[in-house]
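Reading through the structure tokens given below for one structure.
Residue numbers (the working numbering): 2 to 249.
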């Protein structure tokens, strides 16, 4: 009798489209298409797709933002396309605007060989409807501790933001800065105002109409995540842009 020893992990193909994902309900690039195929000599046992947020320092979030699990496959191939709307595993969670993510696909065959493949994608600047107009939240503009200085790595995001805002000529823009809860209230209020002003100054320097811009700081008010974890604090240190229709 011939004995086959399989030491080869499943063959994996993975494609994500579009590269710039924009799930804000405007009908353009609202769906991320995750297309993959797996093949293995000994049959595939299970596979898992996990989506993590990527931070500026190259680290990914500790917990996956979204997980798709497929077990007891018991076939030598699997091909599928998942259509994802950007919602996470936690209730009411949604991908963050102007942020990079990484998707990993881990497959295991029935004899225990495994492989992980990964692809990165970027979430576009999301424009969300509100009662008074529109809102854009960006928490990927990360300031160093106690700093109000924009980093050159943020210029690309702000340039994209300017292009997006110019599509709304009949709206004035309120730039609102927020901090996490580290430090006292008065200090955080001032810090958040100076950070909002740094963004305001960049927009004005790059020819955005000054008469349509205002800015203010809100300190640690209205957190969008827990201040008990580093990841939560990073999300709370953010800048929001409110687009308010101008009176005709």
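Using N, Cα and C, we set each Cβ at its ideal position, and we do this for glycine too.
Given the structure is predicted, the values throughout are model-derived calculations rather than measurements.
With a cutoff of 9 Å on beta-carbon distance, residue 21 and residue 125 are scored as near each other. Every unbroken stretch of the beta strand (DSSP E) spanning 3 or more residues and falling wholly within the segment 58 to 145 is given here in chain order: 67 to 71, 76 to 85, 100 to 110, 115 to 124, 134 to 139.
Counted as a single uninterrupted DSSP element, the alpha helix (DSSP H) harbouring residue 195 occupies residues 186 to 206.
Rounded to whole angstroms, the separation of the alpha carbons of residue 246 and residue 74 is 53 Å. With contact defined as three or more Cβ pairs closer than 8 Å, the segment 218 to 238 and the segment 155 to 165 are not in contact. Within 10 angstroms of the beta-carbon of residue 181 lie 16 or more other beta-carbons, which makes it buried.
Residue environment for residue 167: exposed (fewer than 16 other C-beta atoms within 10 angstroms of its C-beta).
In the structure shown, residue 48 falls within a strand segment according to DSSP collapsed to helix, strand and coil.
Take the alpha-carbon of residue 201 and the one of residue 208: they are about 11 Å apart.
Counting the other CB atoms within 10 Å of its CB gives residue 205 a total below 16, which places it among the exposed residues. The segment 4 to 14 and the segment 106 to 117 touch, with three or more beta-carbon pairs separated by less than 8 Å. The continuous alpha helix (DSSP H) containing residue 233 extends over residues 231 to 237. Here residue 29 is exposed. Its C-beta has fewer than 16 other C-beta atoms within 10 Å. Annotated three-state conformation of residue 4 is coil, per DSSP. For residue 164, no beta strand (DSSP E) encloses it; the enclosing alpha helix (DSSP H) starts and ends at 156 to 166. Sequence-distant Cβ neighbours of residue 169 in its own chain, meaning closer than 6 Å and more than five residues away, are 244. Residue 236 and residue 43 have their alpha carbons spaced roughly 44 Å apart. The alpha-carbon separation between residue 14 and residue 80 amounts to approximately 9 Å. Residue 175 and residue 39 have their C-alpha atoms some 49 Å from each other. In terms of Cβ geometry, residue 84 and residue 123 do not form a close pair [threshold 9 Å]. 9 Å or more divides the Cβ of residue 197 from the Cβ of residue 151. Around the CB of residue 141, 16 or more other CB atoms lie within 10 Å, so the residue is classed as buried.
The C-beta of residue 53 has 16 or more other C-beta atoms within 10 Å across all chains shown, which makes the residue buried.
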